[in-house]
Amino acid sequence: MPQHEQPPTNASPRRAVVTGSAGFIGSHLAHALVQAGATVIGVDRRDPSTDPMAAANLAALRGRPGYHHVTADLLHCAIDPLLIDADAVFHLAGIPGVRPSWGPQFGDYLASNVLATHRVLEASTRIGVPRLVVASSSSVYGPTDGDASRETDRPNPASPYAVTKLAEEQLCLAYAERPGGPSVVALRYFTVYGPRQRADMFTHRALYAALTGQPLRLYGDGHQRRDFTYIDDVVTATIAAGVNPNAHGPINVGGGSNASLLDVVNIANSLTGREIQLHQDHVRNGDVLVTRADPSRAGEVLDWQPRVDLHGGLRAHMQALAAPMPDYSRAA
Ligand code: NAD
Ligand code: UGA
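Numbered by the UniProt record's numbering, the letters in the sequence shown go through residues 1 to 332 in order.
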């Protein structure tokens, strides 16, 4: 179900800050908040006037009176003025992706996922922000025996990326216990897909391969399973976490569509009528075989459940990928 068909969000913060707003999930969230009547300050170090991907992600927000974009790096910028009067901070800025985190980029992961988060937390405490929602990750669970992961399970991160995400959420939860700290909800997102998904992610690559006829590299045999979670469902859960006074601590956001990579390939084939050419490659370090969310806490605390099934979500994702790219060179 594409974004415009999502049931209206019936509660939204009045004023919100979205970090990482030029990214995949952050841009969808900022758009939905503005649609719901909120005033949003979006912060991202990617500049939409020079970065075509940021411009594309922010295109629907350009010129919207409720949205104010600030190009700034949270590692260095003055954060306090951005947070004044915010009812909620949605902290999504970070360096995502499991595979590159083993390389020399690890310093960037640490800096953006942990040190920048520390600066956001210090500023939130000084300004008295009441609620902070942080984008955590299913990767904090690490390898499982295939059973659904619950928030009470012991985390066991299997990659440097996952270690930084666990550090990030735990840091936020520690600040929540500190006098004057914001109340914190750490949403453990499970493999999010949909329009504008990052180009390094599997779903994007599979749909792209199906549309163009280019080969798709499979890391392993394709039997890895993920709880693929559609972007609109993720946005709905995130806004609910921003306004629900009873929400606190880690909450899984996933559980709608558990499927293997080969299932995704088969759906992509059926949507295009073209057979993707698969090139098998070695399993990447830190890649877990199965992620599976137990979504019951999200149901109880946020009254949330995923609505979009994998076939419908992939169809909407593919339609967005196939649409001609607008010309952003004249972006204001
Ligand atoms: P993304 O890369 O599209 O967006 C992240 C944004 O954060 C980027 O635009 C980037 O420029 C910005 N950013 C990074 N460091 C920054 C800094 N120091 N200052 C200012 N801006 C900075 O990624 P995404 O897929 O939208 O993920 C968003 C968040 O959700 C990340 O924290 C990620 O770890 C988490 N997450 C994503 C998924 C998923 O499936 N996409 C799953 C679990 C968790
Ligand atoms: C995704 C995001 O990239 C992380 O940022 C996020 O934290 C994580 O979800 C999460 O749920 O917490 P991942 O599930 O590894 O991580 O998603 P993909 O990068 O799309 O990979 C999914 C699977 O496809 C992996 O097994 C990967 O090895 C495989 N893959 C990926 C390929 O076989 N080929 C590719 O070209 C890309």
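Built from N, CA and C at the ideal position, the CB exists for glycine as well.
Item, Value
"With three or more C-beta pairs closer than 8 Å as the rule, is the stretch 174-181 touching the stretch 239-247?", "no"
"Taking just the CA atoms, how far does P48 sit from P195?", "18 Å"
"May I have the straight-line CA-CA distance separating D73 from E122, to the nearest angstrom?", "15 Å"
"Between the stretch 209-216 and the stretch 281-289, do at least 3 Cβ pairs fall closer than 8 Å?", "no"
"Roughly how many whole angstroms lie between the Cα atoms of C77 and A111?", "14 Å"
"Between G273, A237 and V308, which has its C-alpha nearest S296's C-alpha?", "A237"
"For the ligand UGA, any of its heavy atoms closer than 8 Å to the Cβ of L310?", "no"
"Compute the minimum distance between the beta carbon of T238 and the heavy atoms of the ligand UGA, and state whether it is under 8 Å.", "no"
"Please report the straight-line C-alpha distance between P81 and F90, rounded to a whole angstrom.", "16 Å"
"For P182, which three-state DSSP category applies?", "coil"
"Work out the CA separation of G249 and R126 for me, nearest whole Å.", "21 Å"
"Relative to the alpha-carbon of R46, which residue among G94, A88, P215 and A293 has its alpha-carbon at the smallest distance?", "G94"
"Just to confirm, does R198 get its C-beta within under 8 Å of one of the non-hydrogen atoms of the ligand NAD?", "yes"
"In or out: S270 buried (at least 16 other Cβ within 10 Å) or exposed?", "exposed"
"Mind checking N96: buried by the 16 CB within 10 Å criterion, or exposed?", "Note on identity: in this sequence residue 96 is Pro, with Asn being the wrong assignment. P96 should be labelled buried."
"Do I251 and Y193 have their C-beta atoms within less than 9 Å of each other?", "no"
"Taking 8 Å as the cut-off, is the beta-carbon of V283 closer than that to any non-hydrogen atom of the ligand UGA?", "yes"
"Identify every residue that forms a DSSP beta bridge with F228.", "S257"
"Measuring from the CB of G273, is there a heavy atom of the ligand NAD at a distance below 8 Å?", "no"
"May I ask you to verify whether the stretch 149-163 touches the stretch 304-314, counting CB pairs closer than 8 Å and requiring at least 3?", "no"
"Provide the residue span of the alpha helix (DSSP H) that contains R15, from first to last.", "From DSSP, R15 is part of no alpha helix (DSSP H) but of the beta strand (DSSP E) over R15 to T19."
"Identify whether Q280 lies in helix, strand or coil by the three-state DSSP scheme.", "strand"
"At 3 residues or longer, and completely inside the stretch 40-126: list those beta strand (DSSP E) runs for me, N to C.", "67-71 and 88-91"
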